[in-house]
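J.:
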Amino acid sequence: MLHALLWQSNADLVARILDHPFVQGLDDGTLDRESFRRYVAQDAFFLRAFLKAYAVAAAKCDDFDQARVFHDLMGGVFDEIQLHQNYAATLDIDLSNVRPYAATSAYTDFLQRVAWHESLAEIIAAMVPCMRLYQYLGSELAASLRTDHPYKDWITTYAGEEFAQLCTRLESLLDELATDVPTVHEAYRCAMQCEFDFFSAPLEKDS
1 MLHALLWQSN ADLVARILDH PFVQGLDDGT LDRESFRRYV AQDAFFLRAF
51 LKAYAVAAAK CDDFDQARVF HDLMGGVFDE IQLHQNYAAT LDIDLSNVRP
101 YAATSAYTDF LQRVAWHESL AEIIAAMVPC MRLYQYLGSE LAASLRTDHP
151 YKDWITTYAG EEFAQLCTRL ESLLDELATD VPTVHEAYRC AMQCEFDFFS
201 APLEKDS
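In terms of UniProt numbering, the sequence shown has 88 at position 88, counting the first letter as 1, and numbering is strictly consecutive.
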């Protein structure tokens, strides 16, 4: 399966992300509140671009069943946005006034460029890493989850069955529409590198 090949081809970056100080802080609950606050704001900004990329992908579909998959995936993004809105209420974040960090802009600009100018294969390849990586991280971090964990909601959301099913549907679409060509590998790799950079930015006060 192409999705498995791409995931394995990026195992080095996946391992680096799992060991990233931000992710390890999420894991043991020691991530400082301000870094998480910055992350929530940036991720909410990012999700708007992710939602638009799904919408463009759906518009490019000639097949009704494929378009339905993107419709359902957009619903998953709305659920993620709700999670961030809940955090925003408790962390006093104004999500309507977020200044994107350089890493965030690089990621969203990449997504929008691929969505508007590339084929469905490249669009999906650019979007799968976010979905599969978060599902992987949620599952890994859930293994040591405790009832009083400060980031329990984040971990359980991405470790949940509903999110896993959406991820699997997107990967199935990748297998259906994409082939093992350099442009697909490049889109996947670029997105995974953007994920690493995205986790780094909230740890830096001047990102």
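By construction, the Cβ of each residue, glycine as well, lies at the ideal position given by its N, Cα and C atoms.
If you check the beta carbons only, do Ala187 and Leu2 fall under 9 Å apart?
T.: no
J.: Which residues in the same chain as Leu47 place their Cβ atom closer than 8 Å to its Cβ, once the five residues preceding and following it in sequence are excluded?
T.: Val77, Glu80, Ile81 and His84
J.: Could you give the DSSP three-state label for Val77: helix, strand or coil?
T.: helix
J.: Beta carbon of Ala49, beta carbon of Asp197: below 9 Å?
T.: no
J.: For the structure I just gave you, are there three or more beta carbon pairs, one from the segment 124 to 143 and one from the segment 160 to 168, closer than 8 Å?
T.: Result yes; three or more Cβ-Cβ pairs closer than 8 Å.
J.: Looking at C-alpha atoms only, which residue of Leu5, Cys190 and His20 is the closest neighbour of Ser200?
T.: His20
J.: DSSP state of Arg68, grouped into three classes?
T.: helix
J.: Verify whether the separation of the beta carbon atoms of Ala121 and Val56 is less than 9 Å.
T.: It is not a contact, given that the beta carbons lie outside the stated cut-off.
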